[in-house]
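Worksheet for the structure shown next.
In this note's numbering, the protein residues as written are 28 to 280.
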């Protein structure tokens, strides 16, 4: 169980975002570097090897740990009323009820994939689903990651396939995975019409730096939301369809 911590002292002038980071993997490390680059204080660290280190209650807790650690994350957010940016894949399979319990008390943003390009790829899959063709396509979703990645289809690939079917596309996509190759993550969805035509929408991430910067941008906005479960696509959609003038005004509030 994480230790108690005194409430953060009030700040004078404009409040500065403070974050807590759970997890010491690649994403956790990228988040730490992004915070250092942006001058965002990290007031809480939680790692499996060293446990929880809390200087003060953060404004937002970013969970980049493992599903097994979520009960501690949930307990901390519930005890201190801290909004949660949840980045752990396949969490609902083990902790669906607990995730809903936390969301009943604080805003919880489910962000299994923080890449804006991945969001656009899902939107394109839904767009294709709404366009009828003379020939029913064969649909494939491919998930490729380095060999160290778990040998199961990624949550991102599952969501990409779901974007196709949720948009009315049929038949369901066939999911494939490949483990090996360079230190990048790649996802593609391909529609094949007969033997003569195919369309592929491909997305790859070559570094977690951009992903970590996106996480901080989302974390800044999360405390403004009421309790509830928020899908990252809803966040991206609102932000991407807001004019720059309106966006600047809302960020100043």
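Glycine residues also receive a C-beta, built at the ideal position from the N, C-alpha and C atoms.
I need the straight-line Cα distance from residue i to residue j, nearest angstrom please.
i, j, result
"residue 136", "residue 222", "42 Å"
"residue 19", "residue 146", "No statement about residue 19 is possible, as the shown extent of the chain runs from 28 to 280 and does not include it."
"residue 269", "residue 244", "15 Å"
"residue 193", "residue 204", "21 Å"
"residue 109", "residue 122", "18 Å"
"residue 131", "residue 95", "21 Å"
"residue 171", "residue 211", "8 Å"
"residue 87", "residue 187", "28 Å"
"residue 276", "residue 266", "Low per-residue confidence applies at residue 276: pLDDT is 32, beneath 50, and the placement is therefore not dependable enough to give any value."
"residue 175", "residue 157", "37 Å"
"residue 92", "residue 57", "13 Å"
"residue 169", "residue 149", "14 Å"
"residue 85", "residue 250", "11 Å"
"residue 181", "residue 155", "22 Å"
"residue 37", "residue 105", "Low local confidence applies: a pLDDT of 34 at residue 37 is under 50, so the model's placement there is unreliable, with the coordinate-based value given in what follows. Spanning the two alpha carbons is a distance of roughly 21 Å."
"residue 160", "residue 59", "47 Å"
"residue 72", "residue 224", "51 Å"
"residue 81", "residue 107", "12 Å"
"residue 139", "residue 54", "11 Å"
Can you name the residues that DSSP bridges to residue i?
i, result
"residue 191", "Per DSSP, none; premise fails for residue 191."
"residue 151", "None; residue 151 has no bridge partner."
"residue 212", "232"
"residue 224", "220"
"residue 80", "72"
"residue 47", "71 and 88"
"residue 203", "169"
Kindly give me the distance between the Cβ atoms of residue i and residue j, rounded to whole angstroms, as I take these residues to be in contact under 8 Å.
i, j, result
"residue 12", "residue 114", "Nothing about residue 12 can be reported from this structure: the residues present for the chain run from 28 to 280 only."
"residue 47", "residue 76", "No, residue 47 and residue 76 are not in contact; Cβ-Cβ is about 17 Å, not under 8 Å."
"residue 111", "residue 129", "6 Å"
"residue 167", "residue 200", "6 Å"
Find the nearest neighbour of residue i within the set the options, judged by alpha-carbon distance.
i, options, result
"residue 262", "194, 130 and 141", "141"
"residue 78", "50, 88, 247 and 68", "50"
"residue 1", "208, 217 and 127", "Residue 1 is absent from the structure shown; the chain starts at 28 and stops at 280."
"residue 162", "219, 52, 59 and 259", "219"
"residue 173", "207, 87, 83 and 59", "207"
"residue 43", "143, 200 and 67", "67"
"residue 253", "133, 99 and 139", "133"
"residue 227", "182, 164 and 248", "164"
"residue 233", "144, 107, 255 and 124", "144"
"residue 116", "97, 102, 127 and 104", "97"
Could you check if residue i belongs to the surroundings of the ligand FAD, using beta carbon to heavy atom distance under 8 Å?
i, result
"residue 221", "Annotation note on the ligand FAD: not contained in the displayed structure, which lists no ligands."
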